[in-house]
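Q: Reminder that position 19 of the sequence shown reads as 63 in our numbering, one-by-one numbering, no gaps.
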Amino acid sequence: MGRNHLRAIKASDQVQVVAIAEPAVAARTALESTGLPLHADLESMLSAGGLDGVLVCVPSTMHLDTVKRLVVAKLPILCEKPVGITAEQAFLAARLTAHASVPLQVGFWRRFVPALKRLRERIAAGELGEIYLVACYQWDGAPPGEYFRTHSGGIFVDMGVHEFDQTRWLTGQEFGDISALASGVAAEPWPGDPESAQALCVLSGGSSALVSLGRRFPLGDVCKVEVFGTRNADECRFLWPPTADDTFFEALKVQAESFAAY
C-alpha cells in the first residue's frame, strides 16, 4: 500500500514525500530509484527531522504501536485503515492522539471519491427518500499473500472496514445488530480469513445494510454501492474496470492533500 500512496502523492502539487522508512532490505533497495532519503526504521527517519506529518502504511498489527511513537513525536498522523485490529486498539489510538492534541486521520479514501460524495449529497437532500437498504460490495481480483493475510486482522477488519465506514458516512446512521456469514472455506489457506464473507446489518435510523466481501473476482478489484429508498434508487460502481486505477489513485492523492491542509 505504501507504493500506491507514493505514486499518488507524486502527482500532487500540494504535498510532497520527503523521506521513507522501510525496514525490509529488498524493498528499501527497490526504493532507491525514487531518490528520496531512505531509513531502515522509524526512529532514524524521525531523528533526521524535516517532517510535517507521517503517513503510516505498515502492517495492520503495527498500526497502534506506530501511532503511539508518533504521538510522542508530536507529528500529525495519516494512518492506513484499520487504525487498530480490534475495537479496543482503535479507541486507544483515538484517546492517545486526542489527549496529546495530535491530529489523526484514518485512510478512508472513499470519502474523497467524487461519485460517492455526490451520492452522499443526494441522500442528505432526500432525493432518494427514506433509505431502505444500502448494499456495499468489495471484491478483489486475487487474495493477498500469506504474510498480509496473517497480519491484517481478517477479511472484515482488512476489507470490510471500508464498507462499514462508507455506510456510516453515506447515511449518517450507526450500526446496530450485525449477522455475518463466511464462505469459500475450501479455498481458505489460513483459518480466520475466509475468501468471502457477507454481513446483514440493522442501522440506527431503521435502514438495513448489506456488506459483501470477496478475495477472488475475475474482473479484478471492484467496489460498488447500491442505495434503495422510498423515492428513488442509485447505484455507484466507483471502482470498476477500466477506470478503477484512475479513481483509486486520484482519491489517495486528494486524501493526502486534505491531510496536509488540515
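Where is the CB? At the ideal position from N, CA and C, for every residue including glycine.
Nearest-angstrom Cα distance between residue 161 and residue 255?
A: Rounded to the nearest angstrom, the two C-alpha atoms are 19 Å apart.
Q: Check for me: the beta strand (DSSP E) holding residue 279 runs from which residue to which?
A: Residues 277-283.
Q: On the CB-based measure, 16 or more other CB atoms within 10 Å of its CB, does residue 225 come out buried or exposed?
A: exposed
Q: For residue 129, which residues does DSSP report across the bridge?
A: Its beta-bridge partners do not exist; DSSP assigns none.
Q: Could you check where the alpha helix (DSSP H) with residue 296 kicks off and where it finishes?
A: 288-305
Q: Under 8 Å from any heavy atom of the ligand ATP, does the C-beta of residue 211 make it?
A: This structure does not include the ligand ATP; it has no bound ligands of any sort.
Q: List the residues that DSSP assigns as beta-bridge partners of residue 58.
A: None, per the DSSP bridge assignment.
Q: Taking all protein chains shown into account, decide if residue 273 is buried (16 or more other Cβ within 10 angstroms of its Cβ) or exposed.
A: buried
Q: Kindly list the residues whose CB is nearer than 7 Å to the CB of residue 51, restricted to its own chain and excluding five residues on each side of it in sequence; keep chain order.
A: 293
Q: Do you know offhand how far residue 145's Cα is from residue 122's?
A: 14 Å
Q: Find the nearest neighbour of residue 221 within the set 213, 246, 242 and 202, judged by alpha-carbon distance.
A: 246
Q: Do residue 268 and residue 19 count as a contact pair if the criterion is CB distance below 9 Å?
A: Outside the shown range of the chain, which is 45 to 306, sits residue 19, and nothing can be said about it.
Q: Comparing alpha-carbon positions, which option in 117, 170 and 80 lies nearest residue 65?
A: 80
Q: If you draw a straight line from the C-alpha of residue 72 to the C-alpha of residue 115, how long is it?
A: 25 Å
Q: Spell out a yes or no on whether the stretch 277-286 and the stretch 187-196 are touching, meaning 3 or more CB-CB pairs, one atom from each, closer than 8 Å.
A: no
Q: Using 10 angstroms around the beta-carbon of residue 203, count the other beta-carbons present and answer buried if the total reaches 16, otherwise exposed.
A: buried
Q: Taking only runs of the alpha helix (DSSP H) that begin and end inside the stretch 146-208, which ones reach a length of at least 4 residues, in chain order?
A: Whole alpha helix (DSSP H) segments, 4+ residues: 158-168 and 190-195.
Q: Under 9 Å between the Cβ atoms of residue 76 and residue 178?
A: For the pair residue 76 and residue 178, the CB atoms are not nearer than the 9 Å cut-off.
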